[in-house]
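Undergrad: Protein chains in written order, with our numbering: chain A, -6 to 339; chain B, 94 to 634; chain C, 4 to 249.
The beta carbon of each residue, even a glycine, is placed where N, CA and C say it ideally should be.
Please find one structure pasted underneath; my questions will follow.
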Amino acid sequence: MNHGFQLLPEQASSIASRVDALYFFLLGIAGFFTLLIFFAIVFLVVYYRRSAIRDRTISYNGRSWILETTWIAIPLAITMAIFAWGADLYFDLRTMPPGAIDIQVVGKQWMWKIQHPQGRSEIDQLHVPLGQPVRLHMVSEDVIHSFYIPAFRVKMDVLPDRYSSLWFEATKPGTYNLFCAEYCGTGHADMSGSVVVMQPAEYAAWLAGGESQPPVMAGEELFTRFRCNTCHFQGGQPRCPSLANLFGQPVRLSDGRTVTADEVYLRESVLNPAAKVVAGFQPVMPTYQGQLSEEQIFQLIQYIKSLSIMPAATNETAPVVSPGQSTSVDAVPAQGAPANSSKSND
Amino acid sequence: MIDQLAESRNYLNDDYRFRSWLLTTDHKRIAIMYMISITLFFFVGGAAAVLFRLELMTPKGDLVLAETYNKLFTLHGVIMVWFFLIPSIPTVLGNFLLPLMIGARDLAFPKLNLLSWYIFMLGGAVTVWSIVAGGADTGWTFYTPYSSTYANTNVILMAVGVFISGFSSILTGLNFIVTTHTMRAPGMTWFRLPLFVWAHYATSVIFVLATPVLAITLFLIVLERGFGIGIFDPKLGGDPLLFQHLFWFYSHPAVYIMVLPSMGVVSEIIPCFARNRIFGYKFIAFSSLAIAVIGFLVWGHHMFVSGQSMYASMVFSFMSMLVAVPSAVKVFNWTATLYKGSISLETPMLYSLGFIGLFTLGGLTGLFLAALAVDVHVTDTYFVVAHFHYIMVGGAVMGYLGGLHFWWPKMTGRIYPEWWGRLSAGIIFFGFNLTFFPQFVLGYLGMPRRVHQYVDDFQVLNVMSSAGASILGVGYLLPLAYLIWSLRYGKRADPNPWHAKGLEWQTPSPPPKLNFTQTPIVTEEAYNYPPAPAPKKQAMS
Amino acid sequence: MSATTAHLAHQFDDAEQQFAAAELGMWLFLSTEVLLFGGLFCTYSIYRLWYHAAFVAGSQRLEQVLGTINTAVLLTSSLSMALAVHAAQTDDRRGIVRNLVFTIFLGCMFLGIKGYEYRQKFVEDLVPGPNFSLTADQPNDNSREGRRDKNNRAGQPPYRAPSQTTLTTEPDVGRVELFFSFYFAMTGLHALHMIVGIGMLGVLLVGASHGAFTPEYHTPVEMIGLYWHFVDIVWVFLFPLLYLIR
Chain A
-6 MNHGFQLLPE QASSIASRVD ALYFFLLGIA GFFTLLIFFA IVFLVVYYRR SAIRDRTISY
54 NGRSWILETT WIAIPLAITM AIFAWGADLY FDLRTMPPGA IDIQVVGKQW MWKIQHPQGR
114 SEIDQLHVPL GQPVRLHMVS EDVIHSFYIP AFRVKMDVLP DRYSSLWFEA TKPGTYNLFC
174 AEYCGTGHAD MSGSVVVMQP AEYAAWLAGG ESQPPVMAGE ELFTRFRCNT CHFQGGQPRC
234 PSLANLFGQP VRLSDGRTVT ADEVYLRESV LNPAAKVVAG FQPVMPTYQG QLSEEQIFQL
294 IQYIKSLSIM PAATNETAPV VSPGQSTSVD AVPAQGAPAN SSKSND
Chain B
94 MIDQLAESRN YLNDDYRFRS WLLTTDHKRI AIMYMISITL FFFVGGAAAV LFRLELMTPK
154 GDLVLAETYN KLFTLHGVIM VWFFLIPSIP TVLGNFLLPL MIGARDLAFP KLNLLSWYIF
214 MLGGAVTVWS IVAGGADTGW TFYTPYSSTY ANTNVILMAV GVFISGFSSI LTGLNFIVTT
274 HTMRAPGMTW FRLPLFVWAH YATSVIFVLA TPVLAITLFL IVLERGFGIG IFDPKLGGDP
334 LLFQHLFWFY SHPAVYIMVL PSMGVVSEII PCFARNRIFG YKFIAFSSLA IAVIGFLVWG
394 HHMFVSGQSM YASMVFSFMS MLVAVPSAVK VFNWTATLYK GSISLETPML YSLGFIGLFT
454 LGGLTGLFLA ALAVDVHVTD TYFVVAHFHY IMVGGAVMGY LGGLHFWWPK MTGRIYPEWW
514 GRLSAGIIFF GFNLTFFPQF VLGYLGMPRR VHQYVDDFQV LNVMSSAGAS ILGVGYLLPL
574 AYLIWSLRYG KRADPNPWHA KGLEWQTPSP PPKLNFTQTP IVTEEAYNYP PAPAPKKQAM
634 S
Chain C
4 MSATTAHLAH QFDDAEQQFA AAELGMWLFL STEVLLFGGL FCTYSIYRLW YHAAFVAGSQ
64 RLEQVLGTIN TAVLLTSSLS MALAVHAAQT DDRRGIVRNL VFTIFLGCMF LGIKGYEYRQ
124 KFVEDLVPGP NFSLTADQPN DNSREGRRDK NNRAGQPPYR APSQTTLTTE PDVGRVELFF
184 SFYFAMTGLH ALHMIVGIGM LGVLLVGASH GAFTPEYHTP VEMIGLYWHF VDIVWVFLFP
244 LLYLIR
């Protein structure tokens, strides 16, 4: 993708041309006013130079407020228009489209570790299919990073201990730059790579290549290895709430609040179980902070997600999870796991 | 001979002993001490810039190691922001001129003024020590958790240096506000104050209200780093975004600390060289206050991609759009002041017109960054770097140099060489644009900031920028040389070489120790330049 | 009048102007102090909101009785400070000295009680740092070890079965530690202001015993009085925030 000297980066996502349109509008505004001021100054300086013979009697008759109001009102109107345009576009940038491919990204000094839902993982490279919305689900192992693809006009900080996300839809096959935009230490400049946009068929072939274990399965292994299964999912075990059909549902907590069981909640419950205790249970779960890497936490969450019937909309009205209601662990994944991560292949 | 006698009683030759400088409470001497200090800091920060612009000539990181590069830009940022730009105009020109302009014998608290210079130097010494001892590599923004947990450099020492210097700013701001309120000469009503004083009043409000928050934020970083207390590091239970909120609550208004005084300088120079009343005095005065107030409500525009809530971002974007309006009002009013003026283009005027142009471009590119969706693309890229250099160098430094030339005869009693002044103003204007304009393009192309190596596509623009930087460097060395030269060989200045209005021009150059032989009484508005109905041959001043 | 001009600094025209400047300066200084403490208060409140349980647990480890006594001590010292200012206005030289001595005494008493509280926290291992612990007899808590060990995070540390010690209803130790970090930072900064205040009161005392203050000139007494009241008010906010609210 080497084009030598250029003034604009490639437009390779559905949002890129829309951002560029606003950019050009802003360029127009900036160019107009800069030139206006420039020529006004040059003209006035030359015309009213001290040696020139000019009429210099000033009579505003107290009407200068007309001028002042004008040059308050016009900039105000223009900036409000820019605000509205920018905010509208920003809303689209930050609102995740439904049905996007979920790709996990872990930022770490100084590399990007990426895992696709089918299991293939890569470092400092991101392969995505053309024409499909992709949602990056990101977290950092250490300091703040920022995932930046100039050709897609998207950027989002990657935070430690907190999930952030970013979406785009690639519209042009090719290889594009990937940068870390938030200064993160010695190797900040090395924390770059490339994004490869492929035809969907090629992407599918690429996914099939290479050894990989789908995150859902890796998560299940972890679930056993860390003996989560000794408490959770033993039908009617009174010590732990069930995890089946949990994801995306409201959970009533012991302090009376109700929260939604999303990724953030699940992550916190693994790392800091005492923070939000489900109503009716004792805070007996030990913390797993320091024992799981961010990727492993992702995998566990993917596994727990797979225990819910997707999409969550089908059981929106499901009651709050309570001790009595727990489903056998074996029963759920068969219907709940995403199609592409079927458990039957091992 | 009479000249010599008149000379014998001014603030400079009142006492030649070294300790009479170190223990002085005279605002004019303190201003000179500040001028020497910040000039030293400027060239330290500038040297770092020279090194990393050299590194960026080539895409590969081949001149310095990544660690070195990171320390260089941190040094550049910390020194330039806290030890040059923030103190520059307020502590040098403000200190010198504020009492003169309002007809006072000194600031309200002269000892406090000296104390703030010592605090400033102590902060500077600690910062320089932290650099000599190995430097810090966090960038001037000290983002957590990198700064608090992960960096292996002298972050604590550098943060302590900045922390200490903050108290110097607070004391200066406090002194200016009290002086403006209580020390005005008879007849000097609020709306007869020169706009320079208004600008410094607004700046001082920010000094007093924002700096303590920075102090406490740095204090918390030092606690976290020194004692492992988890306030910002999520691994220790803290929140890194909270740091960004606290930091930018100070640091965005700090941008206005840098540029508002410059606007004050320009508001003095333009009426003088256009021989015209300033257009829209009250609009300029109140727009300074508006900028100071709204400036406190826009900090979140640094955090559009940080993970703060989408709606918070929208509010901050809206407020940032609003703050553009008073800035635009100022630009239009300055331009309108030229209308029907009698304009001559001495060095200070060249700097001021340059200021208007560069500030306009800097301000307008600020709109790109305040427009949410575009900011997502350009934040943390060279676009931001270019934007704030247009404001800080194109704005603040041009204003400082313009003011320095304008009041140089008043401060030193000597005239600087005009031809050299014009030449270097031209060189700086050209070098500046060549350095920073290509960075806008680089930023939109997606080159992240704070990198010592980059992809090959960006090289042409980087070479342009580095070439511009070398021209800019020459531009800065020239005034240093000819201004020092003028101290000995420059023509002696009479009290009012520019035929300017304002109380500071009604006292000898350099002023006597107590500024005025008798307290002046003010009977007219500021900038009451006589109308020039008939074109007449103006004698070269 | 001679006493007035003797104290008039060269930059001022008259005593009135000098007093106005001093007063405005002091108020501005206090407003920067408000923001300095405000930053801490704000951060504290945010974390209190997030980690409510842990902060309540931490707050319960503080000595409410000592805190209440200290509040009373400080409020009384404000009264004696106000009386000292009044004495200066009414030319009661002995009254100034007496009230200043009393104020200094109360200030020292406050610091003494505070010091005793600090010592207690130290004995109970509640000082943030490697030895922090909620229960002094179980210093090696699994979760804390993991939390401190950054280098080990990326790898896969051997799984440890949850020991009985972690299976308690105690809130996250780290967050209680955060509470104590704030406790020490906030009360420490306040105590620092007290120490500075006592030092300045000492200077005033020396001046007052030499008769430096008269009804015409007693600006330093008034200004330091303002400062002293401010430090009191900070405590009036600190006390409920740290000790009382649940």
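Using DSSP bridges, identify the partner residues of E115(A).
TA: I107(A)
Undergrad: If the cut-off is 8 Å on Cβ atoms, which residues from the stretch 427 to 441 of chain B count as contacting chain A, listed in chain order?
TA: T428, A429, L431, Y432, K433, G434, S435, I436, S437, L438
Undergrad: Taking only beta-carbon atoms, is A267(A) less than 8 Å away from chain C?
TA: In terms of beta-carbon proximity, A267(A) lines the interface with chain C, with at least one pair separated by less than 8 Å.
Undergrad: Compare the beta carbon distance of V2(C) and M197(C) with 8 Å and say whether it is the shorter of the two.
TA: Residue 2(C) lies beyond the range of chain C shown here (4 to 249); nothing can be said about it.
Undergrad: Find the nearest neighbour of H480(B) within the set K433(B), L316(B), V534(B), judged by alpha-carbon distance.
TA: V534(B)
Undergrad: Check whether the Cβ of W271(B) lies closer than 8 Å to any Cβ atom in chain C.
TA: Residue identity differs from the one stated: residue 271(B) is Val in this sequence, not Trp. Contact of V271(B) with chain C is assigned, a C-beta pair being separated by under 8 Å.
Undergrad: So what does DSSP say about H169(B), is it helix, strand or coil?
TA: helix
Undergrad: What does F32(C) reach in chain B if we use C-beta pairs closer than 7 Å?
TA: L267
Undergrad: Is the separation between the beta-carbon of G682(B) and that of A518(B) shorter than 8 Å?
TA: Outside the displayed range of chain B (94 to 634) lies residue 682(B), so it cannot be described from this structure.
Undergrad: In chain order, what residues of the stretch 35 to 66 of chain C put their CB closer than 9 Å to some CB of chain B?
TA: T35, E36, V37, L38, L39, F40, G41, G42, L43, C45, T46, I49, Y50, W53, Y54, A57
Undergrad: Any Cβ of chain A within less than 8 Å of the Cβ of N155(C)?
TA: Residue placement at N155(C) is poorly supported in this model, since its pLDDT is 38, which falls under 50; the coordinates still yield a value, given next. Yes - at least one Cβ of chain A is within 8 Å of the one on N155(C).
Undergrad: Which first and last residues belong to the alpha helix (DSSP H) in which Y349(B) is found?
TA: Start and end: 333 to 367.
Undergrad: Considering Cα atoms alone, identify which of Q532(B), L580(B), V359(B) is closest to W501(B).
TA: L580(B)
Undergrad: Drop a sphere of 10 angstroms on the beta-carbon of D332(B), count the other beta-carbons inside from all chains shown, and report buried for 16 or more, exposed for fewer.
TA: buried
Undergrad: From the DSSP output, in three-state form, read off D94(C) for me.
TA: coil
Undergrad: Could you have a look at R156(C) and say whether DSSP puts it in helix, strand or coil?
TA: The pLDDT assigned to R156(C) is 37, lower than 50, so where the model puts this residue is not dependable, and the model offers no usable value.
Undergrad: Could you give the distance in angstroms between the alpha-carbon of Q118(A) and the alpha-carbon of G118(C)?
TA: 57 Å
Undergrad: Under the rule that 16 or more other beta-carbon atoms within 10 Å means buried, what is F176(B), buried or exposed?
TA: buried
Undergrad: Using a Cβ-Cβ cut-off of 8 Å, state whether P223(C) counts as contacting chain B.
TA: no
Undergrad: What span of residues does the beta strand (DSSP E) with D354(A) cover, start to end?
TA: No statement about residue 354(A) is possible, as the shown extent of chain A runs from -6 to 339 and does not include it.
Undergrad: Alpha carbon to alpha carbon, what distance is there between V298(B) and F379(B)?
TA: 14 Å
Undergrad: Determine which residues share a DSSP beta bridge with V244(A) and list them.
TA: V252(A)
Undergrad: Which residues mark the beginning and the end of the beta strand (DSSP E) in which D150(A) is found?
TA: 147 to 151
Undergrad: Counting beta carbon pairs with one atom in the stretch 135 to 149 of chain A and one in the stretch 238 to 246 of chain B, are three or more of them shorter than 8 Å?
TA: yes
Undergrad: On the three-pair Cβ rule with 8 Å, is the stretch 200 to 212 of chain B touching the stretch 245 to 263 of chain B?
TA: They touch, by the three-pair rule.
Undergrad: Would you kindly work out how many angstroms separate the C-alpha atoms of S146(C) and T217(A), rounded to a whole number?
TA: Reliability of the predicted coordinates at S146(C) is poor, the pLDDT of 42 falling under 50, and the value obtained from them is presented with this limitation in mind. The alpha-carbon atoms of S146(C) and T217(A) are separated by roughly 20 Å.
Undergrad: L147(B) to L37(A), Cα distance in whole Å?
TA: 40 Å
Undergrad: Judging by CA-CA distance, which residue of L103(C), Y47(C), E19(C) is the nearest neighbour of F182(C)?
TA: Y47(C)
Undergrad: Go ahead and label G70(C) buried or exposed: buried means 16 or more other beta carbons lie within 10 angstroms of its beta carbon, across all protein chains shown.
TA: In this structure G70(C) is buried. Its beta-carbon is surrounded by 16 or more other beta-carbon atoms within 10 angstroms.
Undergrad: Determine the extent of the beta strand (DSSP E) in which W160(A) is found, giving its start and end residues.
TA: 157 to 162
Undergrad: Within 8 Å of any Cβ in chain B, is that where the Cβ of M73(A) sits?
TA: For M73(A), the nearest beta carbon of chain B is closer than 8 Å to its own beta carbon.
Undergrad: Assuming F105(C) and S81(C) are in contact, meaning their beta carbons sit under 8 Å apart, how far apart are those beta carbons, in whole angstroms?
TA: About 11 Å; that fails the 8 Å criterion.
Undergrad: What is the residue span of the beta strand (DSSP E) that H498(B) lies within?
TA: Element bounds for H498(B): not the beta strand (DSSP E) but the alpha helix (DSSP H), 491 to 505.
Undergrad: What are the boundary residues of the alpha helix (DSSP H) that includes N188(B)?
TA: 188 to 195
Undergrad: Taking C-alpha atoms, which residue in M191(A), Q295(A), V189(A), E287(A) lies nearest to P207(A)?
TA: Q295(A)
Undergrad: Once you ignore the five residues that flank A305(A) on each side, which residues in its own chain have a CB closer than 6 Å to its CB?
TA: Low confidence applies here, because A305(A) scores a pLDDT of 41, under 50, leaving its location unreliable; read the following figure in that light. Once the five neighbours on either side are set aside, the close Cβ partners of A305(A) are G241.
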